[in-house]
């Protein structure tokens, strides 16, 4: 048996060997009947399998949106951070400044509104947000 | 790297959609699911376009996403390989679709997972060695030997079944 790795027969068949190596493998195939038989078998198999596989292909109707969608995880984090900051401010600030009850309640409204807006953004896609925006401006 | 626009992405994708559909069909065994998987993969790819390394083959990156979308769809519909094959036989009886790819898909499932995967990507997806290495995240040398032994294993099956 020659110094040819049998996997190189497949690589030759697939046109994946560099020219120098390809010519060495071709020479080995020409001089070795065992290698030649294996190469012929691989060729027949490749042709039959490629032909069968090609019958599965079809035109898929794919729609690519014009806008690049944001990664959902990043969007979730982006929505969570401002809400968390607002919550920290509302619970820490009144305690630090010892604010009156009415001021404290007022401060609660701000993060609540922020949380609602960001939660809304989370569940709505960009195109839906635009639709809502149009509703509000009309 | 300059950021890719949606239309640039669409142009890169267009030449590989038909093969991706064939590949997805060979895994999911029917056309509507295959179309869904390719659509889902196209959206995922657009979302993750920043992860694409422009020095490497786009087709390999794209098929890695298609492959994951197909597996997700299989998991979602909770269909084991056996139920999927069952569906295929029903679909086959109703339609006049060519059955050669279905026969091949069935034969591939009888091989080891590594062999099945590399042959499916090679023949249904039409991936070359560099693209296979990227899609499967393995070195080129491994692609060469795995593909060779997968072919030999498939040849044995085909001979055994006298097809």
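Chains as they are written, first to last, in this note's numbering: chain R, 146 to 283; chain S, 14 to 176. The beta carbon of each residue, even a glycine, is placed where N, CA and C say it ideally should be.
When the alpha-carbon of residue 125(S) is set against those of 159(S), 113(S), 30(S), 46(S), the nearest one is in 159(S).
Interface criterion not met: the Cβ of residue 251(R) is under 8 angstroms from no Cβ in chain S.
Using a Cβ-Cβ distance cut-off of 8 angstroms, the stretch 70-87 of chain S and the stretch 46-58 of chain S are in contact, since at least three pairs of beta carbons, one from each stretch, lie closer than that value. Within the stretch 190-212 of chain R, the residues whose Cβ lies closer than 9 angstroms to any Cβ of chain S are, in chain order, 190, 191, 193, 194, 195, 196, 197, 198, 199, 200, 201, 202, 203, 204, 205, 206, 207, 208, 209, 210, 211, 212.
Collapsing the DSSP output to three states places residue 51(S) in a helix. Interface flag for residue 161(R) against chain S is set, since a Cβ pair is found closer than 8 angstroms. Among the residues facing chain R, residue 22(S) is included, as its CB has a counterpart in that chain under 8 angstroms away. Judged by beta-carbon spacing, residue 164(S) lies beyond the 8 angstroms limit of residue 229(R), meaning their Cβ atoms are not closer than that value. Put simply, the backbone Cα of residue 42(S) is about 18 angstroms away from that of residue 131(S). When secondary structure is reduced to three states using DSSP, residue 172(R) falls in the helix class.
When rounded, the separation of the alpha-carbon atoms in residue 161(R) and residue 171(R) is 13 angstroms. At least 8 angstroms separates the beta-carbon of residue 166(S) from that of residue 205(R).
Residue 154(R) belongs to the set of residues whose beta carbon lies under 8 angstroms from a beta carbon in chain S. One alpha carbon belongs to residue 148(R), the other to residue 25(S), and they sit about 41 angstroms apart.
A Cβ-Cβ contact shorter than 8 angstroms links residue 144(S) with residue 72(S). Only those residues of the stretch 48-80 of chain S whose C-beta falls short of 8 angstroms from the nearest C-beta of chain R are listed: 48, 51, 52, 55, 56, 59, 60, 61, 62.
In the structure shown, residue 151(R) falls within a coil segment according to DSSP collapsed to helix, strand and coil. Here residue 22(S) is near residue 62(S), since their CB atoms are less than 8 angstroms apart. For residue 226(R) and residue 16(S), the gap between their C-alpha atoms comes out near 26 angstroms. Distance check between residue 83(S) and each of 45(S), 112(S), 141(S) places 45(S) closest, using alpha-carbon atoms only. At least one CB atom of chain S sits nearer than 8 angstroms to the CB of residue 151(R). Flagged as an interface residue toward chain R: residue 114(S), by a C-beta distance shorter than 8 angstroms. Of all C-beta pairs linking the stretch 46-53 of chain S to the stretch 190-200 of chain R, fewer than three are shorter than 8 angstroms, placing the two stretches out of contact. Taking the beta carbon of residue 186(R) as reference, the chain S residues within 7 angstroms of it are 168, listed in sequence order. The beta-carbon of residue 125(S) is placed no less than 8 angstroms from the nearest beta-carbon of chain R. For residue 38(S), same chain residues with a beta-carbon under 7 angstroms away, outside a window of 5 residues either side, are 44, 47 in chain order. For a Cβ distance threshold of 9 angstroms, residue set 198, 199, 201, 202 of chain R lies close to residue 137(S), ordered along the chain. Closest by C-alpha distance to residue 151(S), out of 112(S), 40(S), 127(S), 18(S), is 127(S).
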